[in-house]
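Protein chains in written order, with this note's numbering: chain A, 204 to 305; chain B, 742 to 883.
Even glycine gets a Cβ: it sits at the ideal position worked out from N, Cα and C.
Down below is the structure, laid out as structure tokens.
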Amino acid sequence: MDVRFKRDGIALIVTIEGDIDHHTSKILKERIDSKFIIEPVKDMILDLSRVTFMDSAGIGLIMGRRQRVSSVGGKLSIINPKPEIIKMLKMSNVDKLVRTDV
Amino acid sequence: MQPVNKMKTEFISKSVNEGFARVVAASFVAQADPSIDILADIRTAVSEAVTNAIIHGYEEKDGIITMECILYSDHVSITIEDFGKGIDDIEKAKAPLYTSRPELERSGMGFTVMETFMDSLEVESVPGKGTKIHMTKQLEYR
Ligand SMILES: Nc1ncnc2c1ncn2[C@@H]1O[C@H](COP(=O)(O)OP(=O)(O)O)[C@@H](O)[C@H]1O
Ligand SMILES: [Mg+2]
Numbered sequence: 204m205d206v207r208f209k210r211d212g213i214a215l216i217v218t219i220e221g222d223i224d225h226h227t228s229k230i231l232k233e234r235i236d237s238k239f240i241i242e243p244v245k246d247m248i249l250d251l252s253r254v255t256f257m258d259s260a261g262i263g264l265i266m267g268r269r270q271r272v273s274s275v276g277g278k279l280s281i282i283n284p285k286p287e288i289i290k291m292l293k294m295s296n297v298d299k300l301v302r303t304d305v
Numbered sequence: 742m743q744p745v746n747k748m749k750t751e752f753i754s755k756s757v758n759e760g761f762a763r764v765v766a767a768s769f770v771a772q773a774d775p776s777i778d779i780l781a782d783i784r785t786a787v788s789e790a791v792t793n794a795i796i797h798g799y800e801e802k803d804g805i806i807t808m809e810c811i812l813y814s815d816h817v818s819i820t821i822e823d824f825g826k827g828i829d830d831i832e833k834a835k836a837p838l839y840t841s842r843p844e845l846e847r848s849g850m851g852f853t854v855m856e857t858f859m860d861s862l863e864v865e866s867v868p869g870k871g872t873k874i875h876m877t878k879q880l881e882y883r
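Pasting the structure below:
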């Protein structure tokens, strides 16, 4: 599991690599949140192209980041989810709450 | 129906074992040569059940989790058991979005995932004794 960051204007692009489950999400959340605070950004883009597995812990991670980002008036979006992840996003209605390129 | 194959594993409730349990269950079922989608669904459901045992059953303290997989000619049966806290109200626990631990950013979607991704789900639980999750999945052949 790893997470990489890139800045694009006022958006922080977060690329998560590996599995997102309860075990990995704790550290992922910490690393994403601390980066979001120190960078001069408002929006967040979660790039899921390199995610190899995601269970409902990923839904918690996404909704938690959405709350943080919207508390500073920003927007969260999701890009490049794989089919299994799209299934999870649709089932939990996250695709209706977060901008998703599916 | 006669089982084709069977396995049982036991591990302690460390969160790193969520990944271990998924890999073990998927490798066991892989011998039936199911589609990638079916394997993905099984991995996800196992992850949800094991995570629940760790977070809710044992409240992140050490305990024993068992996982039994029985392979039949057309389906697999998976039972995941903990000997922890148990569930008072199973119907309420299974409701979409219900979580007793919102402070952990839980989504409350674990049971809904298990129900949606598997073909059957049964929950047996005794408060103070533990919880047993029994799930089955039909296996289509490529
Ligand atoms: N093995 C378990 N032992 C005790 N309580 C459980 C167990 N599994 C689930 N629960 C209860 O059921 C609720 C719903 O579970 P779930 O749908 O997976 O959502 P979440 O894990 O996000 O809380 C949990 O919040 C917990 O109260
Ligand atoms: Mg859960």
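Worksheet item: Does DSSP classify A/V275 as helix, strand or coil?
Response: In the structure shown, A/V275 adopts coil according to DSSP, grouped into three states.
Worksheet item: Which residue spans inside the stretch 216 to 255 of chain A form an unbroken alpha helix (DSSP H) run of at least 4?
Response: 225 to 241
Worksheet item: Name the chain A residues whose beta carbon is nearer than 9 Å to that of B/S756?
Response: D224, H225, H226, T227, K229
Discussion item. According to DSSP, is B/Q772 part of a helix, a strand, or is it coil?
Written reply: coil
Worksheet item: Does the beta carbon of B/D823 fall short of 7 Å from some heavy atom of ligand 1?
Response: yes
Practice prompt. Using a Cβ-Cβ cut-off of less than 9 Å, give me the residues of the stretch 248 to 263 of chain A that come near chain E, in sequence order.
Written response: Checking the listed chains, one finds no chain E in this structure; the protein chains it contains are A and B.
Discussion item. With a threshold of 8 Å between beta-carbons, can B/E800 be considered close to chain A, or not?
Written reply: No, no contact with chain A.
Worksheet entry | Nearest candidate by alpha-carbon position, reference A/T255, set A/R269, A/S274, A/T227 | Measuring C-alpha to C-alpha distances from A/T255 to each of A/R269, A/S274, A/T227 identifies A/T227 as the nearest.
Discussion item. Taking 7 Å as the limit between beta carbons, can you name the residues of its chain near A/A214, skipping five residues before and five after?
Written reply: V244, D246, M247, I248
Discussion item. Counting only Cβ pairs nearer than 7 Å, list the residues of chain B close to A/E287.
Written reply: A781
Worksheet item: Enumerated in chain order, which unbroken segments of the beta strand (DSSP E) with a length of 3 residues or greater are wholly contained in the stretch 772 to 834 of chain B?
Response: DSSP runs (the beta strand (DSSP E)) wholly in the stretch 772 to 834 of chain B: 805 to 812, 816 to 823.
Fill in: Beta-carbon proximity list for B/R883, same chain, < 7 Å, skipping 5 on both sides
Low per-residue confidence applies at B/R883: pLDDT is 45, beneath 50, and the placement is therefore not dependable enough to give any value.
Worksheet item: What separation, rounded to the nearest whole angstrom, lies between the Cα atoms of B/E863 and A/D222?
Response: 27 Å
Worksheet entry | Cβ neighbour criterion (16 or more within 10 Å) applied to B/V787 | buried
Item to complete: Give the DSSP-derived three-state secondary structure of B/L845 in the structure shown.
Response: B/L845 falls in the helix class under three-state DSSP.
Worksheet item: Leaving out the 5 sequence neighbours to the left and right, which residues in its chain are closer than 6 Å to B/T807 when beta-carbon positions are compared?
Response: E751, E822
Discussion item. At a threshold of 7 Å, does B/E789 count as lining ligand 2 (C-beta to nearest heavy atom)?
Written reply: yes
Fill in: Reference A/L279; option with closest CA among A/R207, A/V217, A/V206, A/D205
Looking at the Cα atoms, A/V217 is the closest of the given residues.
Item to complete: Give every residue whose Cβ lies closer than 5 Å to any heavy atom of ligand 2, listed in chain order.
Response: B/N793, B/G851
Worksheet entry | Proximity test, B/S841 beta-carbon vs ligand 1 heavy atom, cut-off 7 Å | Distance from the C-beta of B/S841 to the nearest heavy atom of ligand 1 is below 7 Å.
Practice prompt. Indicate whether the contact test is met: 3 or more Cβ pairs, each with one atom in the stretch 753 to 767 of chain B and one in the stretch 828 to 848 of chain B, closer than 8 Å.
Written response: no
Discussion item. Across the stretch 279 to 288 of chain A and the stretch 260 to 271 of chain A, are there enough close Cβ pairs to call them in contact, namely three or more that are closer than 8 Å?
Written reply: Segments in contact, yes.
Worksheet item: Hey, how far is the Cα of B/S818 from the Cα of B/E789?
Response: 16 Å
Worksheet item: For the alpha helix (DSSP H) that A/D298 lies in, which residues bound it at each end?
Response: 297 to 300
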